[in-house]
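Here's the structure, in structure tokens; my notes come after.
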Amino acid sequence: MKTKNFQKYLLPYEIGRGAEGIVYKISDKYVAKVPRICYPDSKKNLRKEFEIAKVLFENGVSVPEPEGIFKIRNLGLTSVIIPSEAFIMEYIKGKTGSEFFRDYSSFRMVNPNFIESPSFAGYNEEYNHIKKLYEEEIKKAKEIGFLPFDAEFNGNYIWSAERSKLYLIDFGMWEWET
Ligand SMILES: Nc1ncnc2c1ncn2[C@@H]1O[C@H](COP(=O)(O)OP(=O)(O)O)[C@@H](O)[C@H]1O
Ligand SMILES: [Mg+2]
Numbered sequence: 002m003k004t005k006n007f008q009k010y011l012l013p014y015e016i017g018r019g020a021e022g023i024v025y026k027i028s029d030k031y032v033a034k035v036p037r038i039c040y041p042d043s044k045k046n047l048r049k050e051f052e053i054a055k056v057l058f059e060n061g062v063s064v065p066e067p068e069g070i071f072k073i074r075n076l077g078l079t080s081v082i083i084p085s086e087a088f089i090m091e092y093i094k095g096k097t098g099s100e101f102f103r104d105y106s107s108f109r110m111v112n113p114n115f116i117e118s119p120s121f122a123g124y125n126e127e128y129n130h131i132k133k134l135y136e137e138e139i140k141k142a143k144e145i146g147f148l149p150f151d152a153e154f155n156g157n158y159i160w161s162a163e164r165s166k167l168y169l170i171d172f173g174m175w176e177w178e179t
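Each residue of the sequence shown is one higher than the one before, starting from 2 at the first, in our numbering.
This is the structure in structure tokens:
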């Protein structure tokens, strides 16, 4: 396993969290995902998530490039119970599915006649485009033999408008087809 020194990134900051993990930006290029709660399986799950990400990446599914599992000494974090390992992956600048839907909902609230509004058409177009990309990546993952835990258009992706590219994230609950 590669042993890059991530210790030098002393000031990580939180950029997201979900049910299982907290994700910290640790440099221009990388984020570190650490388990939110140190339950007995958390280390194993993190490794499993990394392995899945690696297979997906190597088979051409669009995911943030996985770097590996690295030991970290408390990165200066106080909100987690001294995680000892982190899943390091490429940082993707963009909008997550949940952010997309949050913005969409506020847009609807401030625009009561949103259906007639020209920007709604824009939103709709963007929505359909992103959804199509999402479904394509999920389809590829299934073809490789994965059972995506929740293959709904549910927010576990990042849309990079800059790169015009959608990245699947969060494989903690995924399984292999048996
Ligand atoms: N590679 C990444 N680049 C940028 N942000 C990320 C990356 N991975 C995760 N995030 C952010 O962290 C949040 C939580 O990550 P996720 O893997 O979904 O954790 P959980 O397993 O707890 O749901 C995401 O919704 C997103 O905002
Ligand atoms: Mg998630």
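Beta carbons: idealized from backbone N, C-alpha and C, even for Gly.
Quick caveat, the model's predicted, so the values are computed rather than measured.
| Query | Result |
| --- | --- |
| Taking 7 Å as the line, does the beta carbon of Met90 fall inside it for any heavy atom of ligand 1? | yes |
| Beta-carbon within less than 7 Å of Phe58's beta-carbon, same chain only, minus the 5 sequence neighbours each way: which residues are those? | Val64, Glu66 and Pro67 |
| Using a Cβ-Cβ cutoff of less than 6 Å, which residues in the same chain neighbour Ile53 once the five nearest sequence positions on both sides are dropped? | Phe172 and Trp175 |
| With DSSP run on the structure shown, which of helix, strand or coil describes Met90? | strand |
| According to DSSP, is Pro119 part of a helix, a strand, or is it coil? | helix |
| Hey, is Glu163 close to ligand 1, as in C-beta under 7 Å from one of its heavy atoms? | no |
| Taking the alpha-carbon of Gly156 as reference, which of Leu169, Ile23 and Phe115 has the nearest alpha-carbon? | Leu169 |
| Looking only at its own chain, which residues have a Cβ that is under 7 Å from the Cβ of Tyr14, when we skip the five neighbours before and after it? | Tyr25 and Lys26 |
| Does the beta-carbon of Ser43 have 16 or more other beta-carbons within 10 angstroms, so that it is buried, or is it exposed? | buried |
| Could you tell me the alpha carbon to alpha carbon distance between Gly61 and Ile145, rounded to whole angstroms? | 10 Å |
| Which whole-angstrom value describes the C-beta separation of Glu91 and Ile70, a residue pair presumed to lie in contact below a C-beta threshold of 8 Å? | Their Cβ separation, rounded to whole angstroms, is 15 Å, which puts Glu91 and Ile70 out of contact at 8 Å. |
| Output yes or no for whether 8 Å exceeds the beta carbon distance between Leu134 and Phe88. | no |
| Would you call the CB atoms of Ile93 and Ser161 closer than 8 Å? | yes |
| Using DSSP with H/G/I as helix, E/B as strand and the rest coil, what is Gly173? | coil |
| So what's Val111 in DSSP terms, helix, strand or just coil? | helix |
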